[in-house]
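Below is one structure; the comments refer to it alone.
Protein chains: 2
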Amino acid sequence: MSATIKQVALEAGVSLATVSRVMNGKGPVREQTRQRILEVAARLRYMPHGAARSLITRRTGAFGVLLPDMYGEFFSEVIRGIDLTARSSGYHLLVSSSHGRKGEMEAMLRTMRGRVDGLILMSPDIEAHTLEANLSPGLPIVLLNCLVDGTSFDSINIDNHGGAFAMVRHLIGLGHRRIAMIRGAANNHDALERLRGYRDALRELGVERADELEIDGDFTEEAGYRAGKQILDLPRRPSAIFAANDSMAIGCLFALREAGVRVPHDMALAGFDDIPIARFTLPPLTSVRVSIAALGARAMERLLHAVTMKNQHQRRHETLPTALVVRGSCHEGELPHARPQIAS
Amino acid sequence: MSATIKQVALEAGVSLATVSRVMNGKGPVREQTRQRILEVAARLRYMPHGAARSLITRRTGAFGVLLPDMYGEFFSEVIRGIDLTARSSGYHLLVSSSHGRKGEMEAMLRTMRGRVDGLILMSPDIEAHTLEANLSPGLPIVLLNCLVDGTSFDSINIDNHGGAFAMVRHLIGLGHRRIAMIRGAANNHDALERLRGYRDALRELGVERADELEIDGDFTEEAGYRAGKQILDLPRRPSAIFAANDSMAIGCLFALREAGVRVPHDMALAGFDDIPIARFTLPPLTSVRVSIAALGARAMERLLHAVTMKNQHQRRHETLPTALVVRGSCHEGELPHARPQIAS
DNA sequence: GCAGTCTCTGTAAGCGCTTACATCGCGCGC
DNA sequence: GCGCGCGATGTAAGCGCTTACAGAGACTGC
Numbered sequence: 204m205s206a207t208i209k210q211v212a213l214e215a216g217v218s219l220a221t222v223s224r225v226m227n228g229k230g231p232v233r234e235q236t237r238q239r240i241l242e243v244a245a246r247l248r249y250m251p252h253g254a255a256r257s258l259i260t261r262r263t264g265a266f267g268v269l270l271p272d273m274y275g276e277f278f279s280e281v282i283r284g285i286d287l288t289a290r291s292s293g294y295h296l297l298v299s300s301s302h303g304r305k306g307e308m309e310a311m312l313r314t315m316r317g318r319v320d321g322l323i324l325m326s327p328d329i330e331a332h333t334l335e336a337n338l339s340p341g342l343p344i345v346l347l348n349c350l351v352d353g354t355s356f357d358s359i360n361i362d363n364h365g366g367a368f369a370m371v372r373h374l375i376g377l378g379h380r381r382i383a384m385i386r387g388a389a390n391n392h393d394a395l396e397r398l399r400g401y402r403d404a405l406r407e408l409g410v411e412r413a414d415e416l417e418i419d420g421d422f423t424e425e426a427g428y429r430a431g432k433q434i435l436d437l438p439r440r441p442s443a444i445f446a447a448n449d450s451m452a453i454g455c456l457f458a459l460r461e462a463g464v465r466v467p468h469d470m471a472l473a474g475f476d477d478i479p480i481a482r483f484t485l486p487p488l489t490s491v492r493v494s495i496a497a498l499g500a501r502a503m504e505r506l507l508h509a510v511t512m513k514n515q516h517q518r519r520h521e522t523l524p525t526a527l528v529v530r531g532s533c534h535e536g537e538l539p540h541a542r543p544q545i546a547s
Numbered sequence: 204m205s206a207t208i209k210q211v212a213l214e215a216g217v218s219l220a221t222v223s224r225v226m227n228g229k230g231p232v233r234e235q236t237r238q239r240i241l242e243v244a245a246r247l248r249y250m251p252h253g254a255a256r257s258l259i260t261r262r263t264g265a266f267g268v269l270l271p272d273m274y275g276e277f278f279s280e281v282i283r284g285i286d287l288t289a290r291s292s293g294y295h296l297l298v299s300s301s302h303g304r305k306g307e308m309e310a311m312l313r314t315m316r317g318r319v320d321g322l323i324l325m326s327p328d329i330e331a332h333t334l335e336a337n338l339s340p341g342l343p344i345v346l347l348n349c350l351v352d353g354t355s356f357d358s359i360n361i362d363n364h365g366g367a368f369a370m371v372r373h374l375i376g377l378g379h380r381r382i383a384m385i386r387g388a389a390n391n392h393d394a395l396e397r398l399r400g401y402r403d404a405l406r407e408l409g410v411e412r413a414d415e416l417e418i419d420g421d422f423t424e425e426a427g428y429r430a431g432k433q434i435l436d437l438p439r440r441p442s443a444i445f446a447a448n449d450s451m452a453i454g455c456l457f458a459l460r461e462a463g464v465r466v467p468h469d470m471a472l473a474g475f476d477d478i479p480i481a482r483f484t485l486p487p488l489t490s491v492r493v494s495i496a497a498l499g500a501r502a503m504e505r506l507l508h509a510v511t512m513k514n515q516h517q518r519r520h521e522t523l524p525t526a527l528v529v530r531g532s533c534h535e536g537e538l539p540h541a542r543p544q545i546a547s
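Top line first, the protein sequences correspond to chains A and B. Basically our numbering = 1-based index in the first sequence + 203. Basically our numbering = 1-based index in the second sequence + 203.
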């Protein structure tokens with residue numbers, strides 16, 4: 204359908220090689236010839252064939268981004284961070300979501316060969332051997348929020364433990380002694396680390412831990428709502444609730460409101476992630492800020508480094524810091540709404 | 204790095220053709236041979252090379268998605284809708300954002316040849332001839348929210364006019380007679396259609412239009428904030444403000460709050476898009492719902508149809524309906540927060 | 001017993017491109 | 001006047017794969 208380099212060469216009365224040289228701007232070509240070829244190329248609406256090029260150049264100019272899902276602000280922000288960095292280096296993104304299905308994840312890993320120059324993978328519950336079995340040998344990869352041991356892979360993680368620890372310390376500082384935690388999805392790395400941070404903070408600050416104060420959740424608003432009801436049914440209610448992410452905190456907030464429990468007056472509430480909506484809830488939600496876009500950007504930077512430096516690249520694990528964001532949901536005396544920062 | 208089909212053939216003692224047949228499951232192969240090849244392939248960790256395959260099959264198994272930007276809920280939702288539909292048909296997505304730069308947009312269009320089987324393009328201000336000059340001939344494309352005349356291209360649009368019309372009618376029905384409009388970005392198709400809906404509703408319902416009530420904006424929260432201040436400075440204030448999107452409405456809301464103007468008591472406020480945050484503002488924002496994910500999904504469906512049906516595919520323009528979502532920002536007597544639907 | 005048929009496998013062309021190498025003038029210095 | 005270097009261009013191999021076609025056995029039916 205589209206013209207090939209051969210047709211351009213024919214039409215311009217030169218060989219394929221010369222056309223190729225003009226299109227890629229390499230090798231000496233007489234200016235007059237160059238102009239003629241360019242003119243013919245434009246007339247025939249010639250554009251180089253990506254697959255053919257990458258077959259021989261061994262570069263695709265694209266990176267793969269494999270996510271568990273595509274829904275919600277978290278993934279959207281990750282992609283944005285990745286995209287920004289990739290675009291500034293002239294790369295495209297091949298994104299796919301596995302929707303949690305393991306088989307799909309594996310199939311996607313396999314089909315990446317010859318389609319991308321590297322991979323960013325977010326798959327919180329993948330094991331190293333699954334990865335190794337399905338990853339094209341020699342394809343650079345950076346893991347995002349995965350718990351994979353050893354130094355076989357680059358990886359970037361959020362400081363979930365530190366963030367959760369800081370939040371619980373904050374709550375204890377406000378005088379709370381019975382603090383419930385709504386857990387994240389089981390087997391999820393982030394969830395486990397946040398739980399660990401919660402437990403460690405309690406222990407180190409000498410506050411007693413109780414099994415009944417650790418409620419199951421799965422990161423959805425719905426789960427937060429259910430957890431909220433469950434907490435309200437507890438014989439001895441806690442005075443504060445720490446949800447493993449903001450979505451669950453918001454769900455919980457609705458459960459509390461339905462029951463007429465006032466936040467923060469009757470119950471303090473805190474989340475994790477600091478998603479944009481957190482500023483807008485009533486009261487605004489105290490949370491742990493994670494620069495999600497920075498997470499994606501950092502992963503892309505590492506990947507670019509791996510691709511560019513090839514042999515000199517050293518694999519390593521990185522942890523991105525978090526920051527406590529204190530708003531009205533944990534103590535009184537704040538304006539119901541702070542003027543939001545205009546997003547950059 | 205990764206094994207090639209040749210190595211597998213050699214190791215298994217068969218020809219390339221047989222390996223290819225096994226990998227693609229076509230053509231008769233003796234079961235014993237098949238097993239041996241499969242075993243060798245697994246051992247060598249062979250996976251087919253995407254570029255090489257698509258070079259000869261003329262299929263890439265991917266669609267290109269070219270967006271103006273990657274930021275915010277709108278694009279994230281569009282991508283999600285597209286992804287869901289694409290994945291269910293076994294396609295990947297090559298996404299890119301042009302950040303509004305025209306040159307980048309054109310370059311991206313060109314590099315798509317041989318990388319994707321079709322294209323979804325959202326570029327609110329692209330002209331037909333730019334498109335034709337840079338699009339690989341024969342590459343199916345669906346335009347999203349673009350204003351391109353004729354039937355050269357498939358296109359999907361939101362019923363911006365109808366949505367705006369319905370909103371203004373609603374405001375007039377509530378008794379408002381001076382209704383300000385915060386316009387969207389100039390030259391933007393959506394923005395112009397929403398403005399047209401606003402004007403048409405005023406005219407058809409016999410409400411006088413005034414130039415000073417049409418305030419410039421560009422779809423950002425910041426612009427909404429500025430517009431809000433500008434409206435408050437008007438010698439004769441309107442009783443209602445209709446922002447061309449929710450982000451501006453939220454910005455405007457802050458301006459009103461800063462000035463001590465109560466919504467909806469002193470001023471009614473409405474937006475457009477019904478982004479998730481709209482439920483959470485105080486008061487919750489009356490808006491026009493656009494199923495953004497559906498928009499993306501529909502575009503993908505059309506594209507799939509174009510690719511599958513090839514010659515029988517008929518190009519056409521489609522318009523997706525909108526729905527008025529009435530919340531507390533336009534009249535009193537509502538709960539400050541409705542229980543949100545749990546996202547599916 | 002042999003053409004016809006069917007199943008399995010191999011041979012080779014070629015997808016569209018890049019690039020190492022070869023070729024060919026041409027001007028230059030001596 | 002001749003070899004040399006250099007700039008401009010062509011030739012051809014080959015990236016990894018699919019597939020049309022051919023070929024080789026093994027049956028079948030008559």
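Note that beta-carbon positions come from the ideal geometry of N, C-alpha and C, so glycine has one too.
- M273/A counts as buried, since no fewer than 16 other beta carbons sit within 10 angstroms of its beta carbon.
- Between the stretch 326-336 of chain A and the stretch 240-255 of chain A, the count of C-beta pairs closer than 8 angstroms stays below three; the two stretches do not touch.
- When C-beta distances to chain A are compared with 7 angstroms, the residues of the stretch 311-331 of chain B below that value are R313, T314, R316, G317, R318, in chain order.
- Apart from the 5 residues on each side of it in sequence, N390/A sits with its Cβ closer than 7 angstroms to the Cβ of D328 in its chain, given in chain order.
- Shown here, I285/A sits in a helix according to DSSP, grouped into three states.
- Taking C-beta atoms as the reference points, G284/A and A481/A fail to come closer than 8 angstroms.
- Boundaries of the alpha helix (DSSP H) harbouring V225/B: 219-227, taken from the DSSP string.
- Close to H295/B, with beta-carbon spacing below 7 angstroms, are these residues of chain A in chain order: L297, S299.
- The bridge partners DSSP lists for M325/A are L347/A.
- Using a 10 angstroms sphere on the CB of R318/A, the tally of other CB atoms reaches 16 or more, which defines it as buried.
- Here R501/A is buried. Its C-beta has 16 or more other C-beta atoms within 10 Å.
- Short of 7 angstroms from the beta carbon of A206/B, and not among the five residues preceding or following it, lie these beta carbons of its own chain, in chain order: L247, R248, Y249.
- P340/A reaches chain B at M204, S205, R248, counting residues in chain order whose Cβ is nearer than 7 angstroms.
- Counting the other Cβ atoms within 10 Å of the Cβ of E280/A gives 16 or more, which makes it buried.
- Boundaries of the beta strand (DSSP E) around V298/B: 295-300.
- Counting only Cβ-Cβ distances below 7 angstroms, D286/A has contacts in chain B at M273, S300, in chain order.
- Between the stretch 362-377 of chain A and the stretch 519-526 of chain A there are three or more C-beta pairs closer than 8 angstroms, enough to call the two in contact.
- As summarised for the stretch 406-449 of chain A, the continuous alpha helix (DSSP H) elements at least 4 residues long and confined to that stretch are 424-435, given in chain order.
- Taking C-alpha positions only, D320/B is separated from I478/B by approximately 31 angstroms.
- Look at R290/A: its C-beta is under 8 angstroms from a C-beta on chain B.
- Rounded to the nearest angstrom, the Cβ distance from S532/B to L488/B is 5 angstroms, consistent with a contact under 8 angstroms.
- Taking a contact as a CB-CB distance under 8 angstroms, the pair L405/B and V351/B does not count as one, their CB atoms being some 28 angstroms apart.
- Residues of the same chain with a CB within less than 7 angstroms of the CB of F278/A, apart from the 5 flanking positions on each side, are L270, D272 in chain order.
- At a beta-carbon threshold of 7 angstroms, the residues of chain B lying near A255/A are L258, G317, ordered along the chain.
- Around the beta carbon of D357/A, 16 or more other beta carbons lie within 10 angstroms, which makes this residue buried.
- Going by beta carbons, L456/B and T484/B fall inside the 8 angstroms limit.
- By the rule that beta-carbons nearer than 8 angstroms mark a contact, F368/A does not touch chain B.
- Between R505/B and V298/B, the gap from beta carbon to beta carbon reaches 8 angstroms or more.
- In terms of beta-carbon proximity, F483/B lines the interface with chain A, with at least one pair separated by less than 8 angstroms.
- For the pair of segments examined, the stretch 430-440 of chain A was found not to touch the stretch 256-271 of chain A: the number of CB pairs separated by less than 8 angstroms stays below three.
- Leaving aside the five residues that flank H534/A on each side, the residues in its chain whose CB is nearer than 6 angstroms to its CB run, in chain order, L377, P467.
- Here M311/B is buried. Its C-beta has 16 or more other C-beta atoms within 10 Å.
- Counting only runs of 3 or more residues that sit fully inside the stretch 233-286 of chain B, the beta strand (DSSP E) segments are 265-270, in chain order.
- Using a Cβ-Cβ cut-off of 9 angstroms, A265/B is close to L297, R318 of chain A, given in chain order.
- About 15 angstroms separates the beta carbon of R386/B from that of A443/B, a gap too long to meet the 8 angstroms contact definition.
- The beta-carbon of I478/B is placed no less than 8 angstroms from the nearest beta-carbon of chain A.
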